[in-house]
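Trainee: For what it's worth, our numbering labels the leading residue of the first sequence as 193, then goes sequentially.
Heads up, the beta-carbon is just placed ideally off N, CA and C, and yes, glycines get one too.
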Amino acid sequence: MKIQLKDNSILHYDEAIRVGQLAQDISPGLGRAALGAVVNDEIKDLRYMIVDDAEVRIITFKDDLGKRVFWHSASHLLAQAVKRLYPEVKLAIGPAINNGFYYDFDKDEPFSHDDLLDIEGEMKKIVQEKLDIEYFELARKDAIQLMSSQGEDYKLELINDLPEDSVISFYKQGEFVDLCAGPHINNTKELKAFKLQSVAGAYWRGDEKNKMLTRIYGIAFPKQKELKEHLEHIEEAKKRDHRKLGKELDLFTIFDEGPGFPVFFNKGIILKDLLINYWKQVHKKHNYVEVSTPIIMNRSLWETSGHWDYYKENMYTTVIDDEDFAIKPMNCPGGMLAYKNKKHSYKDLPIRMAELGLVHRHEMKGALHGLMRVRSFTQDDAHIFMRREQVKDEIIGVMELIEEVYQKFDFKYHLELSTRPEKRIGDEGDWDLAEAALKEAMEEKDVDYVLNEGDGAFYGPKIDYHLEDSLGRTWQCGTIQLDFQLPIRFDLDYVDSDNSLKRPIMLHRVVYGSIERFLGILIEHFGGAFPSWLAPVQVKILPVSSAFNKYAETLVEELEGSDIRVEADYRDERIGYKIREAGLMKIPYLMIVGEKEENKGTVSLRKHGETKNYELSIKDFLETEINNMYRRL
RNA sequence: GCUCCUAUAGCUCAGCUGGCAGAGCGCUUCACUCGUAAUGAAGAGGCCAGCGGUUCGAAUCCGCUUAGGAGCUCCA
Numbered sequence: 193m194k195i196q197l198k199d200n201s202i203l204h205y206d207e208a209i210r211v212g213q214l215a216q217d218i219s220p221g222l223g224r225a226a227l228g229a230v231v232n233d234e235i236k237d238l239r240y241m242i243v244d245d246a247e248v249r250i251i252t253f254k255d256d257l258g259k260r261v262f263w264h265s266a267s268h269l270l271a272q273a274v275k276r277l278y279p280e281v282k283l284a285i286g287p288a289i290n291n292g293f294y295y296d297f298d299k300d301e302p303f304s305h306d307d308l309l310d311i312e313g314e315m316k317k318i319v320q321e322k323l324d325i326e327y328f329e330l331a332r333k334d335a336i337q338l339m340s341s342q343g344e345d346y347k348l349e350l351i352n353d354l355p356e357d358s359v360i361s362f363y364k365q366g367e368f369v370d371l372c373a374g375p376h377i378n379n380t381k382e383l384k385a386f387k388l389q390s391v392a393g394a395y396w397r398g399d400e401k402n403k404m405l406t407r408i409y410g411i412a413f414p415k416q417k418e419l420k421e422h423l424e425h426i427e428e429a430k431k432r433d434h435r436k437l438g439k440e441l442d443l444f445t446i447f448d449e450g451p452g453f454p455v456f457f458n459k460g461i462i463l464k465d466l467l468i469n470y471w472k473q474v475h476k477k478h479n480y481v482e483v484s485t486p487i488i489m490n491r492s493l494w495e496t497s498g499h500w501d502y503y504k505e506n507m508y509t510t511v512i513d514d515e516d517f518a519i520k521p522m523n524c525p526g527g528m529l530a531y532k533n534k535k536h537s538y539k540d541l542p543i544r545m546a547e548l549g550l551v552h553r554h555e556m557k558g559a560l561h562g563l564m565r566v567r568s569f570t571q572d573d574a575h576i577f578m579r580r581e582q583v584k585d586e587i588i589g590v591m592e593l594i595e596e597v598y599q600k601f602d603f604k605y606h607l608e609l610s611t612r613p614e615k616r617i618g619d620e621g622d623w624d625l626a627e628a629a630l631k632e633a634m635e636e637k638d639v640d641y642v643l644n645e646g647d648g649a650f651y652g653p654k655i656d657y658h659l660e661d662s663l664g665r666t667w668q669c670g671t672i673q674l675d676f677q678l679p680i681r682f683d684l685d686y687v688d689s690d691n692s693l694k695r696p697i698m699l700h701r702v703v704y705g706s707i708e709r710f711l712g713i714l715i716e717h718f719g720g721a722f723p724s725w726l727a728p729v730q731v732k733i734l735p736v737s738s739a740f741n742k743y744a745e746t747l748v749e750e751l752e753g754s755d756i757r758v759e760a761d762y763r764d765e766r767i768g769y770k771i772r773e774a775g776l777m778k779i780p781y782l783m784i785v786g787e788k789e790e791n792k793g794t795v796s797l798r799k800h801g802e803t804k805n806y807e808l809s810i811k812d813f814l815e816t817e818i819n820n821m822y823r824r825l
């Protein structure tokens, strides 16, 4: 007997029986429950069946939901093993995440590396025991009794927070029972390949006022081969780490003498300058004007802006002539002064006032991360002052600018919209207007976004652009934030057509976010092998022996005359050695020159990542390669 | 800031249960004048992150500090 499902998948007899049986057990109140993992003979792929109300769907490990189900079950496997080895440990929560799963435990002594190996061993045993993973429900009273009998205080807290009428569901495998909404795979035997990766601290319910629990992270796959590939992929990704490449490629470093304060070397500065030049070009095109405001300003400015009261622990302060001063953590107050410097007409708006501003913030030391999170960075800021009816178009304009820049670098990114938080200022009408403007802008641009309800700044809602690093961690770079607070605090105005004074609406926005963070992303994105327009050294000339150094010098001059960033390696080293070294520095173009080339007035061109050689003249090189390169600009 | 882990030559790392500080790369010098990813030889280079403790004796064990890493929290 076979059953045909909605998506035309075929189930075999015993699987179908199981579907029928389990479907009966599912309570109507349950959103969905996993019915089990089966191996489809034809597709040879691990599959699960999910009942979504009445609809039966089949998902596989390839689906995002399939992965989450699988990893969630792996987290239960982890918890079961931990409870067997350490019965005194209390369980907190154990969800699937984007790349694996974790489980939070409350344990007096932290887990050591060896403990992880023991736990993995116990997990393997449980897999071999082939325990069915069973679903059941309890009335609130019984659920509380069960969890308190097991001393699971955290689970009790979770149950108590569930709404009165909600179904309280559990999953059971062997002796192990866990409060859980599911779904899960149906038997521990499917969890064939897993690895516990790390131990970390994490606050209970993500609140730093709560107790810090011990979190174990892990990853699991249906097949050993997939696990191996995944772990290899991580190792490869680590080679692209911008901190490692920053050192290897001589771009930047961070000395112990200045934690969080990066030091850029010449090649890093070239990259920064290229980013800045491109930025200026794009902003000019989009009709921005540029200003520059001081790094240090007095206390009264920061009191007006509110930073002195609300942001003080992140600010570096000093005393000059007995007066308090602060080093700016943000550029906006300076921008407000620049706007206020003269009266504005409604005809002047929108004013798009850009500033590459160096800001300093006293970030917590544990938050620092290479160039991604530093204490001193350059924001590619701009403040747009506009009339009410210009808001949506200005937002769209900024979105288009950000897209233009990110596309140039082929970046993968996603958008997040954060709306009004509980603690906020300003009247509801302004919030309505602002949120509507952001939403409309995104709808008009037809972009997907993640909605973070209640996650906006206290002064206004925002759109954030998140970019991925080599390990898939995302970093907020671009942001568009509406702000009602500062125009009021600084009493900004413009003269409207009826000669009345009106308050402009302001938005803050950054495209790169910070030059430093963006550069970090950029380094990891290209793995240090920058496209030729960005490479700090574009061409390296390698004479085969010192007899050809003279010829190399003439080539250097010729290329420099065409504004190519060029170096030559005049050392008495073998050509193979020079090529290897230049290759490790990921220089896009190597020009090898010896007797043959000198006689013909050519070079032997070798492109990064290729072993082929092209013999051509500098003139041809400039006309083909370099023209191509700048055509992409 | 919190939890766990880490710190040995410029870089990457070895150094077992405490007993004279090691390698490769890089650097310097010499020889080779070289044809597409490492020429050979010699040499210099270390208060084993810092401070304290245990010990006859500490790179090694313990504590504190500093810095780094994985997360959490917070943020561009």
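Find the nearest neighbour of Ser265 within the set Leu371, Tyr769, Leu330, judged by alpha-carbon distance.
Mentor: Nearest of Leu371, Tyr769, Leu330 to Ser265, Cα basis: Leu371.
Trainee: How big is the Cα-Cα spacing for Lys535 and Val687?
Mentor: Lys535 and Val687: Cα-Cα distance of roughly 8 Å.
Trainee: Determine the closest residue to Gly664 out of Lys604, Asp638, Phe676, Asp624, with distance taken between C-alpha atoms.
Mentor: The shortest Cα separation from Gly664 among Lys604, Asp638, Phe676, Asp624 belongs to Lys604.
Trainee: Using the DSSP secondary-structure output, state which residues sit across from Trp667 in a beta bridge.
Mentor: Trp667 pairs with Leu659.
Trainee: If I measure Cβ to Cβ from Arg435 and keep anything under 7 Å in the same chain, skipping five residues before and after, which residues do I get?
Mentor: Excluding residues within five positions, the ones whose Cβ falls inside 7 Å are Gly562.
Trainee: Just the C-alpha distance for Phe676 and Glu449, rounded to the nearest angstrom, thanks.
Mentor: Cα to Cα, the separation comes out at about 40 Å.
Trainee: Can Phe456 and Arg491 be called in contact, C-beta distance under 8 Å?
Mentor: Not in contact: Phe456 and Arg491 (Cβ atoms no closer than 8 Å).
Trainee: Kindly indicate which residue of Lys384, Lys259, Asp647, Ser537 has the alpha-carbon position closest to the one of Gln320.
Mentor: Per the Cα distances, Lys384.
Trainee: Can you give, in chain order, each stretch of the beta strand (DSSP E) that sits fully within the region 313-353 and has at least 3 residues?
Mentor: Counting whole runs of 3 or more residues, the region 313-353 contains the beta strand (DSSP E) stretches 326-330.
Trainee: Between which two residues does the beta strand (DSSP E) carrying Thr510 extend?
Mentor: First-last of the beta strand (DSSP E) with Thr510: 509-512.
Trainee: Quick check: the Cα distance between Leu699 and Tyr531, rounded to an integer number of angstroms?
Mentor: C-alpha separation (whole angstroms): 13 Å.
Trainee: Report the three-state DSSP secondary structure of Ala266 (helix, strand or coil).
Mentor: It is helical.
Trainee: Can you say whether Pro220 is buried or exposed, counting buried as having 16 or more other CB atoms within 10 angstroms of its CB?
Mentor: Note that Pro220 scores 32 on pLDDT, short of 50, meaning its location in the model is unreliable; the coordinates nonetheless yield the value given after this. Exposed, because fewer than 16 other Cβ atoms sit within 10 Å of the Cβ of Pro220.
Trainee: Give me, in chain order, the residues of the same chain whose beta-carbon lies closer than 8 Å to that of Met489; leave out the 5 immediate sequence neighbours on both sides.
Mentor: These residues qualify, in order along the chain: Phe517, Ala518, Lys520, Pro525, Gly526.
Trainee: So which of Lys403, Ser724, Ser737, Glu752 has the shortest CA-CA distance to Lys788?
Mentor: For the residues Lys403, Ser724, Ser737, Glu752, the minimum Cα distance to Lys788 belongs to Ser737.
Trainee: Output the distance between the C-alpha atoms of Met564 and Phe710, rounded to the nearest integer angstrom.
Mentor: In a straight line, the C-alpha of Met564 is about 8 Å away from that of Phe710.
Trainee: For Arg579 versus Asn506, is the C-beta distance shorter than 8 Å?
Mentor: Taking 8 Å as the Cβ cut-off, Arg579 and Asn506 do not qualify as a contacting pair.
Trainee: Reducing DSSP to helix, strand and coil, say where Ser358 ends up.
Mentor: It is coil, neither helix nor strand.
Trainee: With DSSP as the reference, label Asp307 as helix, strand or coil.
Mentor: Reduced to three states, the DSSP call for Asp307 is helix.
Trainee: Pick out the complete beta strand (DSSP E) segments inside the region 366-391, 3 residues or longer, and give them in chain order.
Mentor: Segments of the beta strand (DSSP E) lying fully in the region 366-391: 368-371.
Trainee: Sorted by chain position, which residues of the same chain lie with C-beta nearer than 7 Å to Gly212's C-beta, five sequence neighbours on each side aside?
Mentor: At Gly212, the pLDDT of 46 sits below 50, so the modelled position is not reliable and the matter cannot be decided from this model.
Trainee: Figure out for me which residue from Glu326, Gly652, Glu716, Trp396 has the closest Cα to the Cα of Glu349.
Mentor: Comparing Cα positions, the closest option is Trp396.
Trainee: Since Ala151 contacts Gly648 with CB under 8 Å, what's their CB separation in whole angstroms?
Mentor: Past the boundaries of the shown model lies residue 151; the chain is included only from 193 to 825, so the question cannot be answered.
Trainee: Between Glu344 and the rest of its own chain, which residues show a CB-CB distance below 7 Å, the 5 nearest in sequence each way excluded?
Mentor: Around Glu344: Lys282, Leu283.
Trainee: Can you tell me the Cα-Cα spacing of Glu421 and Gly498, whole angstroms?
Mentor: So the alpha carbons of these two residues sit roughly 51 Å apart.
Trainee: Compare the C-alpha of Asn378 against each of Ala574, Asn791, His717, Trp263 and name the closest.
Mentor: Asn378 has its Cα closest to that of Trp263, out of Ala574, Asn791, His717, Trp263.
Trainee: Could you tell me which of Glu790, Leu309, Leu463, Lys694 sits nearest to Ile707, measuring between CA atoms?
Mentor: Checking every option, the nearest Cα to that of Ile707 belongs to Leu463.
Trainee: Which residue comes first and which comes last in the alpha helix (DSSP H) that contains Val736?
Mentor: Careful: Val736 lies outside any alpha helix (DSSP H) and carries neither H nor E.
Trainee: Starting from Asp501, trace the alpha helix (DSSP H) both ways and give me its first and last residue.
Mentor: 499-502 is the span of the alpha helix (DSSP H), which, as asked, contains Asp501.
Trainee: Between Pro780 and Ala546, what straight-line distance do the alpha-carbon atoms span, to the nearest angstrom?
Mentor: About 33 Å.
Trainee: Among Phe368, Phe569, Lys333, which one has its Cα closest to the Cα of Asn826?
Mentor: In this structure the chain extends from 193 to 825, so residue 826 is not present and cannot be described.
Trainee: To the nearest angstrom, how far is it from the Cα of Gln416 to the Cα of Ala392?
Mentor: Roughly 25 Å separates the two Cα atoms.
Trainee: Sort Tyr502, Lys275, Asp255, Arg757 by Cα distance to Pro728 and report the nearest one.
Mentor: Of the candidates Tyr502, Lys275, Asp255, Arg757, the one whose C-alpha sits nearest the C-alpha of Pro728 is Arg757.
Trainee: Going straight from the alpha carbon of Glu247 to that of Leu257, what length do you get?
Mentor: At Glu247, the pLDDT of 47 sits below 50, so the modelled position is not reliable; the number obtained from the coordinates is stated separately. About 16 Å.
Trainee: Put Glu234 into one of helix, strand or coil per three-state DSSP.
Mentor: Confidence is the limiting factor: at Glu234 the pLDDT is only 32, short of 50, which leaves the residue's position unreliable, though a coordinate-based value still follows. If DSSP states are grouped into helix, strand and coil, Glu234 belongs with coil.
Trainee: Going by the beta-carbon positions, is the gap between Leu747 and Val795 smaller than 8 Å?
Mentor: Yes, the pair counts as a contact, with Cβ atoms nearer than the cut-off.
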